[in-house]
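Here's the structure, in structure tokens; my notes come after.
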Amino acid sequence: MDLNADLGEGMDDGAILPFLTSANVACGMHAGGPLTMDATVAQALSCGVRVGAHPSWPDRERFGRTEQQLPSEEVRALLLYQIGALDAFVRARGGKLTHVKAHGALYNQAAKDPALARTLAETVRAYRADLILVGLAGSIQLQAAREARLRAVGEAFADRRYLPDGSLMPRSQDGAVLHEVAEVTEQALRIATEGTVIAAGGSRVRVSAETICLHGDTPSAVRLARAVREALESAGVAVAPL
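Once you know that position 50 of the sequence shown is 30 in the numbering used here, the rest is easy, because the numbers rise by one and skip nothing.
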């Protein structure tokens, strides 16, 4: 199981990196910027962590968490702009970009909007056909990636509450983000060993994932990452990059 976090968003990423196998680095549209991108890439590569691009809607004011409706050609341009910029820092540091994972509202919209999912997948393939596209497990984003002949990797979240339909509970609702170590590690273990999560309301939802995400911008991110990594390994789950 791969263990990833969204980084380059203004936090002290050096503390969480030793517990990860993959990092999704913000590309400047919702957070970060040239210096932050370069520093985050350098830190990740020095820790042996795989680096991916984490593109977003252009929305620094709301951290990329507000839905937008843009023409496909504009979406394509925004994605290429961000992926290419992050890739430049990775190559300059002697690394190789491995994956793309959309951020925030772009991620959640692409999980349910077929046209947007297709644009995202086709743009990633146009940039580089060997890139992995990471998306919400069970979503149409993964179907679009496979149709674009990309490797599609399902992602599940250790620190987010799920709804009974397998989508993520909106952050505007109480309880959408999990903070307690016991609750987060329990969810991570259930994802890795059973392929399920307990959704809001108590129902058990099937989640087929190859990577588990922890959000690097939560105050307890490092403590949670350490606990999840130790819990997975203690349970005999091999934690390895994609």
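Positions of the beta carbon are idealized from the N, C-alpha and C atoms, including for glycine. All of these numbers come straight from a predicted model, not from anything done at the bench.
In the pairwise beta carbon analysis, the region 41 to 58 is classified as not touching the region 20 to 27: fewer than three pairs are separated by under 8 Å.
The beta carbon of proline 150 sits closer than 7 Å to those of Ala156, all from its chain and outside the five residues before and after it, given in chain order. Going by beta carbons, valine 80 and tyrosine 142 fall outside the 8 Å limit. Nearest neighbour of methionine 9 by Cα position, chosen from Ser36, Leu(-13) and Ser2, turns out to be Ser36.
A Cβ-Cβ separation of about 6 Å places leucine 116 in contact with glutamate 135 under the 8 Å criterion. Secondary structure at aspartate -18: strand, using DSSP grouped into helix, strand and coil.
In this structure, aspartate -14 and histidine 34 form a Cβ contact; the two beta carbons are roughly 6 Å apart against a cut-off of 8 Å. As the crow flies, the alpha-carbon of serine 26 is around 22 Å from that of glutamine 62.
Burial state of glutamine 167 is buried, judged by a 10 Å Cβ sphere holding 16 or more other Cβ atoms. Beta-bridge annotation (DSSP): alanine 132 is paired with Leu113. Under the three-state reduction of DSSP output, serine 152 falls in the coil class, being neither helix nor strand. Residue pairing from DSSP places asparagine 4 in a beta bridge opposite Asp(-14) and Gly32. With respect to the 8 Å criterion, valine 219 and threonine 1 are classified as neighbours on the basis of their beta carbons.
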